[in-house]
Amino acid sequence: MHLTPSEERILNGEQGYVLQKAMEILAALGDIYDVDRLIPVKSTQIAGVSYKNIGEAGLEWISGLSGKVKVPSVLNPAGLDRVRWRELSISEEFAAKQDEVIRAYESLGILPWCTCTPYEIRTDLAKPGDHLAWSESSAVAYANSVIGARTNREGGPSALAAALIGTTPNYGYHLDRNRLPSIAIRVEGRLSGADYGAFGYIAGAIAGSGVPIFSLESVPTNDERKALGAAMAASGAVALHYIAGTAPLPPTLPRPHLDQDTRDIVERITIEHAEIKEVYQTHQCDPDLIAIGCPHCSAAVLARLRDLLAGKTVTKEFWIFTSGIMRDRHPDLVAGIESSGAKVICDTCMVVSPLCERFRCMMVSSGKALAYVPQMCGSDAVLGSIEDCVRSAVAP
Amino acid sequence: MSTSNSMSTMIAGHPVSKGVASGEILISETPISFLGGIDPNTGEIVEKNHPKKGVSIAGRVFLFPHGKGSTVGSYIIYSLKKNGVAPCAMINLTSETIVAVGAIISDIPLVDRLKEDPFTVFHDGDLVEVDGTRGHVTWK
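Chains as they are written, first to last, in this note's numbering: chain X, 1 to 396; chain U, 1001 to 1140.
See below:
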């Protein structure tokens, strides 16, 4: 990889050990993926936050860093709600360690927003065509597919290195040639709400690490595309998808790539509506926890939940995950939801927190949670629409 | 340290993580998941069904094809180093992100893509020096 003279100087340690290590990480990735150069990033989103996942070793490494990030940078969800962890039975010890992790990131100038949906908090973090270094797989899918920005799925240290240097290696989804659709999937029947999570759960396993383009009979909302992308990144490794006829469109390449439409698509598949409905049926258990917000809920979903819960009282634990910023911006929605006895929990989620480990069966509205909960939380999971979730939560 | 008069004892490769260290080779023919596959407190291989289960990689020149599994593996390598049970150096066929990043943040020399097949030329216990700055391995 070609480094500029100033990048070379950083690599040689002229700006200190931390930046040298950061540049070594970027240079090593550049070498591994046969990259020509580093390119500036607009923002970074950094994984490796939940103490449940990174442990003492991760905390120790992050605590040893110094300096300031060069671009706006935010964090992935943590292992707890930073405000109300006590009432949720998180141990003092875990909370203290989690706090150390977040403070260590904060001391580097990173915004302590712990969320998988930073694009719903600040739209200037990712605009069409921007290059990013984001970690969380559903945020990566949304940035690439819905916003039309460009990011690979970064590991924690490589996103942090990009934040400290302000650049990332120019490979993978940063390049037009890797953003062309490789598999065409047609879906029969109209989809809505959680159907997109169920559909993503199937499509991700089929597409693997490919780039699917979908022909749909319905037009998904951004919340539905968020659910679709999240599920495909969990059941597969899909980081970019297209909806036929909807922007952003695949790039057009100059000759000799003019025949891309026929050449790059190696497979065409049809998914029947019944297969999608089957995802709701194949996972069955009697829920003792209802959890919504994987990825974190938007204001629109919070408003929908408030309306559905109006005048009702929950009979089971009903947890709704969103970002702390969203809670602060919409106290009326939060109050409306919580008057039913449901809890709005922030900065964390059912997948990365030890919170959910004591339940036997979780009802979720998300294909991503459906894929991860059994292995990450040790409980069964069942999929339902938001309406199903509310119905189950208030059932006598 | 000298390699000037005996090119036959030096195998050129590709530098991934800087530094120079010497030790005895320990070979894993299969890819390694540091998260779950190596005990960060002892350096022992604990992966189920691994042919060298129970053997420690501490202080060795650890030769394996490449990493696999969770990216948290990078932090496990760092943990091994902090606990004093890290390999002194590593050799890969082709390094991927998890092991490359783990070696860099832990200051463990790492080279890959040697000109000769390391699984043919090296055997457990061979004493070698790994130069991760220049990217070669030399018999001691």
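We treat Cβ as the ideally placed atom computed from N, Cα and C, and that holds for glycine.
A quick note: this is a predicted structure, and the numbers were derived from the prediction, not measured.
Proximity below 9 Å, CB of residue i to CB of residue j
i                       : j                       : result
residue 151 of chain X  : residue 161 of chain X  : no
residue 1100 of chain U : residue 32 of chain X   : yes
residue 149 of chain X  : residue 126 of chain X  : yes
residue 314 of chain X  : residue 373 of chain X  : no
residue 309 of chain X  : residue 342 of chain X  : yes
residue 1133 of chain U : residue 1019 of chain U : yes
residue 279 of chain X  : residue 345 of chain X  : no
residue 1092 of chain U : residue 1121 of chain U : no
residue 184 of chain X  : residue 214 of chain X  : yes
residue 1027 of chain U : residue 1043 of chain U : no
residue 352 of chain X  : residue 6 of chain X    : no
residue 269 of chain X  : residue 181 of chain X  : no
residue 1114 of chain U : residue 1137 of chain U : yes
residue 287 of chain X  : residue 350 of chain X  : no
residue 54 of chain X   : residue 73 of chain X   : no
residue 90 of chain X   : residue 187 of chain X  : no
residue 1040 of chain U : residue 1079 of chain U : yes
residue 1017 of chain U : residue 1107 of chain U : yes
Rounded separation between residue i and residue j - CA only
i                       : j                       : result
residue 102 of chain X  : residue 292 of chain X  : 24 Å
residue 389 of chain X  : residue 175 of chain X  : 41 Å
residue 1012 of chain U : residue 11 of chain X   : 22 Å
residue 1130 of chain U : residue 1087 of chain U : 12 Å
residue 9 of chain X    : residue 44 of chain X   : 23 Å
residue 382 of chain X  : residue 356 of chain X  : 14 Å
residue 1060 of chain U : residue 17 of chain X   : 26 Å
residue 239 of chain X  : residue 138 of chain X  : 8 Å
residue 300 of chain X  : residue 146 of chain X  : 17 Å
residue 259 of chain X  : residue 155 of chain X  : Unreliable positioning characterises residue 259 of chain X in this predicted model, as indicated by a pLDDT of 48, which lies under 50. A coordinate reading is not provided.
residue 385 of chain X  : residue 365 of chain X  : 5 Å
residue 211 of chain X  : residue 241 of chain X  : 5 Å
residue 396 of chain X  : residue 312 of chain X  : 11 Å
residue 228 of chain X  : residue 332 of chain X  : 28 Å
residue 334 of chain X  : residue 376 of chain X  : 27 Å
residue 86 of chain X   : residue 1097 of chain U : 37 Å
residue 35 of chain X   : residue 2 of chain X    : 8 Å
residue 1140 of chain U : residue 347 of chain X  : 53 Å
residue 178 of chain X  : residue 13 of chain X   : 33 Å
residue 330 of chain X  : residue 99 of chain X   : 25 Å
residue 158 of chain X  : residue 172 of chain X  : 14 Å
residue 140 of chain X  : residue 42 of chain X   : 14 Å
residue 1037 of chain U : residue 1045 of chain U : 6 Å
residue 84 of chain X   : residue 92 of chain X   : 12 Å
residue 193 of chain X  : residue 225 of chain X  : 10 Å
residue 1109 of chain U : residue 52 of chain X   : 29 Å
residue 1005 of chain U : residue 167 of chain X  : Its pLDDT being 45, under 50, residue 1005 of chain U is placed unreliably by the model, and the measurement read from it follows with that caveat. For residue 1005 of chain U and residue 167 of chain X, the distance between alpha carbons rounds to 42 Å.
residue 59 of chain X   : residue 37 of chain X   : 31 Å
residue 29 of chain X   : residue 39 of chain X   : 13 Å
residue 95 of chain X   : residue 189 of chain X  : 47 Å
residue 245 of chain X  : residue 217 of chain X  : 12 Å
residue 1055 of chain U : residue 282 of chain X  : 43 Å
residue 135 of chain X  : residue 1053 of chain U : 33 Å
Those residues which DSSP pairs with residue i across a bridge
i                       : result
residue 1067 of chain U : U:1032
residue 94 of chain X   : Its beta-bridge partners do not exist; DSSP assigns none.
residue 1090 of chain U : U:1062, U:1110
residue 361 of chain X  : X:380
residue 343 of chain X  : X:319
residue 1016 of chain U : Beta-bridge pairing links residue 1016 of chain U to no other residue.
residue 1027 of chain U : U:1063
residue 39 of chain X   : X:168
residue 214 of chain X  : X:185, X:243
residue 133 of chain X  : X:44
residue 1127 of chain U : U:1024
residue 387 of chain X  : Residue 387 of chain X is not bridged to any residue.
residue 154 of chain X  : DSSP, once it has assigned bridges, lists no residue as partnering residue 154 of chain X.
residue 1044 of chain U : U:1056
beta-carbon residue i near the ligand ZN non-hydrogen atom, thresh 8 Å
i                      : result
residue 126 of chain X : Although the ligand ZN was asked about, the structure shown includes no ligands whatsoever.
Three Cβ pairs or more, each shorter than 8 Å: is that satisfied between the region 1030-1038 of chain U and the region 1059-1073 of chain U? yes
Should the region 190-200 of chain X be called in touch with the region 354-369 of chain X, which here means at least 3 C-beta pairs below 8 Å? yes
Please determine if the region 75-89 of chain X and the region 198-214 of chain X are in contact, where contact requires at least 3 C-beta pairs separated by less than 8 Å. no
Is there contact here, the region 14-30 of chain X with the region 109-123 of chain X, by at least three beta-carbon pairs under 8 Å? no
Three or more C-beta pairs closer than 8 Å, one from the region 112-132 of chain X and one from the region 323-335 of chain X: is that the case here? yes
Of all the beta strand (DSSP E) runs that stay within the bounds of the region 264-305 of chain X, which reach a length of 3 or more residues? 267-271, 289-292
In chain order, what are the residue ranges of uninterrupted alpha helix (DSSP H) at least 4 long that sit wholly in the region 47-131 of chain X? 51-63, 92-106
When the Cβ atoms of the region 1036-1051 of chain U are set against those of the region 63-71 of chain X, are three or more pairs found closer than 8 Å? no
Within the region 163-194 of chain X, note down every full alpha helix (DSSP H) run reaching 4 residues or more, in order along the chain. none
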